[in-house]
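For any residue, its number in this note's numbering is found by taking its place in the sequence shown, counting from 1, and adding 45.
Take a look at the structure below.
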Amino acid sequence: MKNIVQIALMGVVVALASSCQSKGKPNYQYMPNMYQEVSYEAYGNYDVFPNGMEAMVPAEGSVSRGWMPYEYEDNREGYEAAKANLKNPIPFTEDNVNKGKALFTTYCAVCHGDEGNGKGILAQREKILGIPAYNDEGRAITEGSVYHVTYYGINN
Numbered sequence: 046m047k048n049i050v051q052i053a054l055m056g057v058v059v060a061l062a063s064s065c066q067s068k069g070k071p072n073y074q075y076m077p078n079m080y081q082e083v084s085y086e087a088y089g090n091y092d093v094f095p096n097g098m099e100a101m102v103p104a105e106g107s108v109s110r111g112w113m114p115y116e117y118e119d120n121r122e123g124y125e126a127a128k129a130n131l132k133n134p135i136p137f138t139e140d141n142v143n144k145g146k147a148l149f150t151t152y153c154a155v156c157h158g159d160e161g162n163g164k165g166i167l168a169q170r171e172k173i174l175g176i177p178a179y180n181d182e183g184r185a186i187t188e189g190s191v192y193h194v195t196y197y198g199i200n201n
């Protein structure tokens, strides 16, 4: 009987302790920095930054996220200039050729075919027509022309 009274008393204490919380107020935070991080106001003055400024001018030579510098325009003159002047900066090694083959197979072969003859699976099923062959000698494809077309597309 003594144990039943102690268990009942313990149950009452637990019920009272757990029912005192208000649903309209947030509970205790044991690690408040995890929930309410310290942020800096744009254009605010802070001692931790150089010159006390949070919003600083980007470093010289930095490139915006999502943008790559490319000096050739998206027109016929830009295409011809890239075709004549642009060279691949990646060295011609067996490892790079294998990586290029893997990328070509993944992204290009579905239209242009594994051999680059314009007879990919989509051309065979006549889903896309007029796909050029890379082995056509009249096209005079260069490293620069391939990059320019990859960057801008063609006939857009």
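Backbone N, C-alpha and C define an ideal beta-carbon position, used for all residues, glycine too.
Since we're looking at a predicted model, the values are computed, not measured.
Beta-carbon separation (whole angstroms), residue i vs residue j, contact threshold 8 angstroms
{"i": "Gly189", "j": "Ala147", "result": "About 23 angstroms separates the two Cβ atoms, so there is no contact after all."}
{"i": "Ile173", "j": "Cys156", "result": "6 angstroms"}
Distance between residue j and residue i (C-alpha atoms, nearest Å)
{"i": "Pro103", "j": "Ser84", "result": "20 angstroms"}
{"i": "Ile135", "j": "Glu122", "result": "25 angstroms"}
{"i": "Leu131", "j": "Thr195", "result": "13 angstroms"}
{"i": "Asn48", "j": "Met55", "result": "10 angstroms"}
{"i": "Asn143", "j": "Thr150", "result": "11 angstroms"}
{"i": "Val59", "j": "Gln51", "result": "12 angstroms"}
{"i": "Asp181", "j": "Val191", "result": "14 angstroms"}
{"i": "Asn133", "j": "Phe94", "result": "40 angstroms"}
{"i": "Ala168", "j": "Asp140", "result": "30 angstroms"}
Span of the alpha helix (DSSP H), counted from its first residue to its last, around residue i
{"i": "Gly106", "result": "Here Gly106 belongs to no alpha helix (DSSP H), and DSSP marks it neither H nor E."}
{"i": "Pro77", "result": "Pro77 to Tyr80"}
{"i": "Gly123", "result": "Arg121 to Asn130"}
{"i": "Asn141", "result": "Glu139 to Tyr152"}
{"i": "Gly189", "result": "Glu188 to Tyr197"}
Contact set for residue i: own chain, Cβ-Cβ below 8 angstroms, skip 5 residues either direction
{"i": "Asn90", "result": "Gly97, Met98 and Glu99"}
{"i": "Pro114", "result": "Val108"}
Close beta carbons around residue i, own chain, < 7 angstroms, minus the five adjacent residues each side
{"i": "Tyr179", "result": "His157, Gly161 and Ile186"}
Own chain residues within Cβ distance below 6 angstroms of residue i, not counting five before or after
{"i": "Gly165", "result": "Ala154, Val155, Cys156, His157 and Gly158"}
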